[in-house]
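Numbered by our numbering, the letters in the sequence shown go through residues 631 to 769 in order. Written below as structure tokens is the structure these notes are about.
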Amino acid sequence: AIAMSWDSWVSNLLQYPGVNFGAICGNDGSVWAKSENFVASPEELQALAAGIGKNNAGEFQSFKLNGEKFMTIRLLNRELDAKKLQSSVTVMGCTQCFVIGGYIASSEGSGEPNMGTGGGQKVNVAVSKLKDSLVASGY
631 AIAMSWDSWV
641 SNLLQYPGVN
651 FGAICGNDGS
661 VWAKSENFVA
671 SPEELQALAA
681 GIGKNNAGEF
691 QSFKLNGEKF
701 MTIRLLNREL
711 DAKKLQSSVT
721 VMGCTQCFVI
731 GGYIASSEGS
741 GEPNMGTGGG
751 QKVNVAVSKL
761 KDSLVASGY
């Protein structure tokens with residue numbers, strides 16, 4: 631049995647400063663839980679699931695998420711960091727699933743209130759903590 635519902639794992643991710651969307655997905659690209667503003671297509675998630683299995687950013691240079699094209703900055707050991715202008719995304723693979731967290735800059739059409747400076751490092755730390763919790767719980 632799962633101690634918390636999947637939705638509460640995503641809620642915890644969104645509590646971190648600089649994170650304003652996220653999801654937990656199965657390795658097949660199925661969505662286990664997501665924030666309301668996470669609208670990635672099954673095709674995008676399946677491509678991302680395969681992409682984080684690549685060896686480096688050169689093998690997976692860019693991808694679409696929520697209809698936006700992100701450029702891969704770093705990819706190693708199923709951990710990926712990507713950017714699009716002021717927005718950033720981190721994806722980390724666990725055993726049975728992967729975690730996506732991100733900061734979408736409000737000027738890029740998300741309609742979110744300005745959350746101060748989000749992005750890169752803050753998102754990576756938040757996703758890393760959630761990944762570690764999931765792995766410790768057997769996922």
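Don't be surprised by glycine CBs; every beta carbon is placed ideally from N, CA and C. Note that the structure is a prediction, hence the values are computed from the model and not measured.
N- and C-terminal bounds of the alpha helix (DSSP H) containing residue i
i           : result
residue 658 : Premise fails: residue 658 is in no alpha helix (DSSP H) and is neither H nor E.
residue 644 : 636 to 644
residue 750 : 750 to 766
Range of the contiguous beta strand (DSSP E) that encloses residue i
i           : result
residue 584 : Limits of the chain in this structure are 631 at one end and 769 at the other, which puts residue 584 out of reach.
Close-in-space but distant-in-sequence residues of the same chain around residue i (CB under 7 Å, 5 per side omitted)
i           : result
residue 672 : 659
residue 683 : 708
Span separating the alpha-carbon of residue i from that of residue j
i           : j           : result
residue 764 : residue 692 : 26 Å
residue 697 : residue 762 : 28 Å
residue 653 : residue 700 : 16 Å
residue 685 : residue 635 : 32 Å
residue 720 : residue 662 : 17 Å
Chain D contact for residue i (CB, 8 Å cutoff)
i           : result
residue 647 : The question asks about chain D, but that chain is absent: this structure has only one protein chain.
Residue i burial status per 10 Å Cβ neighbour count (16 or more: buried)
i           : result
residue 689 : exposed
Neighbourhood of residue i by C-beta distance below 6 Å, restricted to the same chain and skipping five residues each side
i           : result
residue 759 : none
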